[in-house]
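Going left to right, the sequence shown walks through residues 200 to 419 as this note's numbering numbers them.
Glycine is no exception: its CB is placed at the ideal position from the N, C-alpha and C atoms.
Note that the structure is predicted; figures quoted are calculated from it, not measured.
So the structure is just underneath, and the comments pick up after that.
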Amino acid sequence: MEDKWKRYFIKWSETEMFQQKVREAEDIISTAGRYSNPAILFSGGKDSTVGVHLTLQQFPNIPIFHYDFTYNMPRPIAKELIDNLKAIGGKNIIIEKEYSKVKGDKGFFSAINKFLKDNNVDVVISCLRAEESGKRKRLIDDKKDFLGVRNIFPIGSWDWRDVWAYIVVNNLPYPKVYDKYAKFYGWDKARFSAFFSEDLDYLGARNVDNVLMWKIRNKL
200 MEDKWKRYFI KWSETEMFQQ KVREAEDIIS TAGRYSNPAI LFSGGKDSTV GVHLTLQQFP
260 NIPIFHYDFT YNMPRPIAKE LIDNLKAIGG KNIIIEKEYS KVKGDKGFFS AINKFLKDNN
320 VDVVISCLRA EESGKRKRLI DDKKDFLGVR NIFPIGSWDW RDVWAYIVVN NLPYPKVYDK
380 YAKFYGWDKA RFSAFFSEDL DYLGARNVDN VLMWKIRNKL
């Protein structure tokens, strides 16, 4: 990240608006303590990096589920995600890999459902933000359960500046592919959810992997 952007996000972190959102997120996360078996999902992108770090301050041993899109995610980046997760304090990490027989979103939801049942999860701390898409906003506003499990959204009201400010001031690691995309799309539009696969378009972003990441894709 360029120094000018780091300075901008540091300034943003000093605003009362940002600090209030952090306090609200901490309060929402604390409600997970009312449940027996909370868990959190980690995609590896900026939002889940922030959500997991916030959560680990209160629940350092919480189970963290990560789904590895094996057939779409470049292996160096997949490794970077787990290295980042461990660097921010993740300990109880459960990784499920995509298999050729069950690919795309079907495999994704099947793996999560199995994780929830195997671990008797009764509340999921979700790192989705309403700003990302209309679908996510409706999900957050309606406070719907996720696969039959209670879902809470600590950073649901955050915008892109809040997310990057939190990352910068806490010196959190993030996928370096963001640096490439931000040069073209800006830090407000650089999103990790669909960099590599059209299968992930349902998450709310078009994939651009064959434009900027074609060299890595050709090595898969």
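Check Pro-275 in the structure and name its three-state DSSP category. helix
Alpha carbon to alpha carbon, how far is Phe-208 from Met-272? Give it in angstroms, no decimals. 29 Å
Quick one: what's got a C-beta closer than 8 Å to Asn-260's C-beta in the same chain, skipping five residues either side? Lys-290 and Asn-291
Which class does Asn-291 belong to by DSSP, given the choice of helix, strand or coil? coil
With a 10 Å radius around its C-beta and 16 neighbouring C-beta atoms as the bar for buried, classify Lys-220 as buried or exposed. buried
Residue interval of the beta strand (DSSP E) (run including Leu-240): 237 to 240
Over the uninterrupted beta strand (DSSP E) stretch that includes Arg-349, give me the two end residues. 349 to 351
The beta strand (DSSP E) with Phe-264 in it runs from where to where? 263 to 267
If I measure Cβ to Cβ from Lys-296 and keep anything under 6 Å in the same chain, skipping five residues before and after, which residues do I get? Asp-267 and Thr-269
Using CA coordinates, which residue listed in Gly-243, Arg-233 and Lys-203 is at the minimum distance from Ile-294? Gly-243
Alpha helix (DSSP H) segment containing Ile-209, residue limits: 202 to 212
For Lys-375, which of Pro-275, Thr-230 and Asn-236 has the nearest alpha-carbon? Pro-275
Kindly list the residues whose CB is nearer than 7 Å to the CB of Asn-236, restricted to its own chain and excluding five residues on each side of it in sequence; keep chain order. Asn-318, Asn-319, Val-320 and Asp-321
Could you pull out every unbroken alpha helix (DSSP H) segment of at least 4 residues lying fully inside the stretch 347 to 384, listed in chain order? 359 to 368 and 376 to 384
Check the C-beta distance from Gly-288 over to Leu-315 and give it rounded, since I have them as a contact under 8 Å. About 22 Å separates the two Cβ atoms, so there is no contact after all.
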